[in-house]
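Novice:
Numbering (the working numbering), first residue to last: 2 to 262.
1) Can you give the Cα-Cα distance for residue 182 and residue 190, rounded to whole angstroms?
2) State the DSSP-derived secondary structure class of residue 167, mapped to helix, strand or coil.
3) Please identify the residue among 227, 117 and 224 whose C-alpha is closest to the C-alpha of residue 51.
4) Does the separation of the CB atoms of residue 63 and residue 146 fall below 8 angstroms?
5) Would a C-beta distance cut-off of 8 angstroms place residue 45 and residue 154 closer than the cut-off?
6) Which one or two residues does DSSP pair with residue 120 in a beta bridge?
7) Quick one: what does DSSP say residue 229 is sitting in, helix, strand or coil?
8) Using DSSP's beta-bridge definition, name the partner residues of residue 39.
9) Assuming contact is defined by CB atoms lying nearer than 8 angstroms, are residue 219 and residue 239 in contact in what I supplied?
10) Pop quiz: residue 90 and residue 81 are said to be a contact at Cβ under 8 angstroms. What is the actual Cβ separation, rounded to whole angstroms?
11) So what's residue 255 in DSSP terms, helix, strand or just coil?
12) With 8 angstroms as the threshold, decide whether the Cβ of residue 222 is near any Cβ in chain B.
13) Is it true that the CB of residue 88 sits closer than 8 angstroms to the CB of residue 134?
Here it is as structure tokens:
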């Protein structure tokens, strides 16, 4: 596949193609009433981003990466552009560790001009604190209500739920409160980190967590509003689950999936 050449990469905080944005780009279609979120159990990859791009309904969607959880890691940003290079998308990045001198567009102007927003992995607790301080939580709610596709894995999947398990604090996996767009709880890395599954079950069993969804690293769940519309995975061994309490025990129900390439 021919690799497209990125153009217009700037030294400013908002990195993308052919900036600044024209006023006409700030208009987001409100034809659809569906609010869309795609979560991955682990990190994103080209297959999941291609699938996400299809959910936008656009031939060349504008996708913005939010690397807040990794403190705007330069490696993570470079990986985002590398992942998007062979895809029919227009990739952008919005850093939050910024200066007024090098970004003249507001966070709202940038994020609400997109067709999709992808949240990267890292420290969920720190990300939530920064988002609230900067008003990103409110902007993301506006984006969701407008039908902009929201997505992410690890911290980027956990953030959309009411609460879930996080490794953002010293010593132990613990609970973190999140945006609450999707009702219930979430556990990423369900198959790859040995402590995740039993700990999530214990929170569900004790009713510290509401019932919710768990994802293996290479599985993803697509929600419209608060309903599961589809589960996809990169391999047969990867799954997503609904986890709930029944008669004092944590139970899990494997969700029907489709393998995507």
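We treat Cβ as the ideally placed atom computed from N, Cα and C, and that holds for glycine.
Specialist: According to the data block:
1) The alpha-carbon atoms of residue 182 and residue 190 are separated by roughly 20 angstroms.
2) Looking at residue 167 - three-state DSSP - the assignment turns out to be strand.
3) Checking every option, the nearest Cα to that of residue 51 belongs to 117.
4) In this structure, residue 146 does not lie closer than 8 angstroms to residue 63 by Cβ.
5) The answer is yes: Cβ separation under 8 angstroms.
6) Per DSSP, 67 and 153.
7) If DSSP states are grouped into helix, strand and coil, residue 229 belongs with the strands.
8) DSSP, once it has assigned bridges, lists 152 and 223 as partnering residue 39.
9) Their beta carbons are under 8 angstroms apart, which means residue 219 touches residue 239 by this criterion.
10) Going by Cβ atoms, the distance from residue 90 to residue 81 rounds to 11 angstroms, so no, they are not a contact pair.
11) When secondary structure is reduced to three states using DSSP, residue 255 falls in the strand class.
12) Any reference to chain B falls outside this structure, which holds one protein chain only.
13) Between residue 134 and residue 88, the C-beta spacing is not below 8 angstroms.
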